[in-house]
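Here's the structure we're looking at; comments come further down.
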Amino acid sequence: LIYVITVPLSTSIILANLVIILGISWNRQLHNTPNYFFLSLLVADMCTGVALPFIPLMGLNRELSFSSCLVAHVFPNFLFLAFLFNLVMVHYERYICIVDPLHYNNLWMHRSFPLALLVVWAPPLLYASLPAFGWNNWTGPVFPNAFIYLEVYGLVLPAILTIAGMTGRVLWITRGQLKDICRLHRSVERGSQASDREQRLNLRYTRCVVAVSLTFLACWVPYLIYMHVCIAVLISDTKWSFNTHIVLSCTGIGSMAVVPLVLGLANKQYTEPAYKVLQKLRDRWR
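So this is what it looks like as structure tokens:
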């Protein structure tokens, strides 16, 4: 069941990321710091797609050697946390570009790009490696399963809320700018009613809000459900069906891994090389 669900999903995630990565690599105009951050996110997302079949296995009881246990548990958790940290970094970089464009080029991320990469890759590796030193086995009477709770409520959930908050703030700023544009347009046209151009702008903004909301619901809600179901089962100390665990974990992690693909495929500059190749193949076929 794990491979039936994860292999098609993992293959799609890997291929889509490769298309966007090649699109950025071939276009020299896209070789700048913001796109380097996005490339780091795509690499993390592609690695998450590679590790996707192994994530449901982390919840199953199996007899493994120490080295096999490290690979089966530490490696997927590291890739997942690295993906999440990269996603927060990309959202933050674009958020500052809109909120404070005058100081955008002076960001510490632009001045020291290697340090920014170290920030998004080193802490996930350090935290995911803690079980190798036995820290996840600490189940004291005060904080049982502290490793899991700290990861969920100290890293994952704050990261998701931060992304949601930055996205909402950007939409709010966009709404204010749209109102200013419509007000200036009316003052130039000297009319009190909304023109066709204003209606098109409002319609475009509404579509943008709907698209962002649906993307958030489709990509994040399944993972949030999976995460809290796991916590509820852990708190109640009850056993649940392996099939339910497999389906929830695959759909939750898989839907979250689609977020960078939505950001990348929506940019025509990233997909233009692949589109040209497909167009040439279509012409030759004809």
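The opening position of the sequence shown corresponds to residue -19 in our numbering, with each subsequent residue numbered one higher.
Even glycine gets a Cβ: it sits at the ideal position worked out from N, Cα and C.
Fair warning: this is a prediction, and the values are worked out from it, not measured in the lab.
- If you draw a straight line from the Cα of Pro253 to the Cα of Phe60, it is about 29 Å long.
- Taken in chain order, the complete beta strand (DSSP E) segments of 3 or more residues contained in the region 186 to 265 number zero; there are none.
- Measuring C-alpha to C-alpha distances from Gly134 to each of Phe65, Gly156 and Ile4 identifies Phe65 as the nearest.
- Non-local C-beta neighbours of Tyr16 in its own chain, meaning closer than 8 Å and more than five positions away in sequence, comprise Phe93, ordered along the chain.
- Approximately 7 Å separates the beta-carbon atoms of Asn(-3) and Gly29; this is inside 8 Å, confirming the contact.
- Counted as a single uninterrupted DSSP element, the stretch harbouring Ala112 is not any alpha helix (DSSP H), since DSSP gives it neither H nor E.
- The Cβ neighbour count for Asp25, taken over all protein chains shown within 10 Å, is at least 16; the residue is labelled buried.
- Its Cα nearest to that of Leu241, the residue Ile(-6) stands out among Ile(-6), Val(-16) and Thr(-14).
- Per DSSP, the unbroken alpha helix (DSSP H) holding Glu131 starts and ends at Ala126 to Glu131.
- Ser45 carries a coil assignment under DSSP once its states are collapsed to helix, strand and coil.
- Sequence-distant Cβ neighbours of Cys27 in its own chain, meaning closer than 7 Å and more than five residues away, are Leu59.
- In this structure, the beta-carbon distance from Ala112 to Val150 does not fall below 9 Å.
- By the neighbour-count criterion, in which 16 or more other beta carbons inside 10 Å mark a residue as buried, Asn57 falls on the buried side.
- Per DSSP, Ala102 is one residue of the alpha helix (DSSP H) stretching across Phe93 to Ala108.
- Take the alpha-carbon of Trp101 and the one of Ser221: they are about 34 Å apart.
- The DSSP assignment places complete alpha helix (DSSP H) segments of no fewer than 4 residues inside the region -3 to 54 at 13 to 31 and 46 to 49, in order along the chain.
- In this structure, Leu32 lies near Ile233, with their beta-carbon atoms less than 9 Å apart.
- Taken through DSSP and simplified to helix, strand or coil, Leu59 comes out as helix.
- His225 counts as buried, since no fewer than 16 other beta carbons sit within 10 angstroms of its beta carbon.
- In this structure, the alpha-carbon of Thr218 lies about 15 Å from that of Asn125.
- Excluding residues up to 5 positions away in sequence, Met207 and Ile211 lie with their Cβ nearer than 7 Å to the Cβ of Val132 in the same chain.
- About 6 Å separates the Cβ atoms of Gln249 and Leu10, confirming a contact at the 8 Å cut-off.
- The C-alpha of Trp265 is placed about 56 Å away from the C-alpha of Leu214.
- The C-beta distance from Thr251 to Val(-1) rounds to 7 Å, short enough to fall under 8 Å.
- Closest by C-alpha distance to Ala139, out of Cys49, Leu106 and Leu67, is Leu67.
- Here Ala246 has no same chain residue with a Cβ atom under 8 Å from its own Cβ, once five neighbours each way along the sequence are excluded.
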